[in-house]
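A.B. asks: Dropping a structure here in structure tokens format, bear with me for questions.
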Amino acid sequence: MHRGGTKRFRHPLVGELTLRFETFALPADPGLAVVMYSAEPGSPSEQVLRDLDKWASTRERLTPVDALG
915 MHRGGTKRFR HPLVGELTLR FETFALPADP GLAVVMYSAE PGSPSEQVLR DLDKWASTRE
975 RLTPVDALG
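Quick note: the sequence shown uses this note's numbering, first residue 915, plus one each step.
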């Protein structure tokens, strides 16, 4: 298992992202871990994450009842 490195993703709205990741084991729960992803400051991937954040924060929110019609 890799503890850290770089991973590439293809997002359906924004395309390619390259993110660094760090994996942190949870000593209280053997076999479980927290994985944190981040973009290089100033990189195109950082801008894409900011754009996705804006998009997600402005989308109309549906409640489960609304989603069912």
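No residue lacks a Cβ here, since even glycine has one placed at the ideal position from N, Cα and C.
(1) Helix, strand or coil for residue 936 per DSSP?
(2) With residue 952 and residue 964 assumed to form a contact (beta carbons below 8 Å), what rounded beta-carbon distance in angstroms separates them?
(3) Where does the unbroken alpha helix (DSSP H) through residue 970 begin, and where does it stop?
(4) From the DSSP output, in three-state form, read off residue 924 for me.
(5) Look at the alpha carbon of residue 941 and the alpha carbon of residue 918, and state the distance between them as a whole number of angstroms.
C.D. replies: Looking at the atomic coordinates:
(1) strand
(2) No, residue 952 and residue 964 are not in contact; Cβ-Cβ is about 13 Å, not under 8 Å.
(3) 958 to 972
(4) strand
(5) 18 Å
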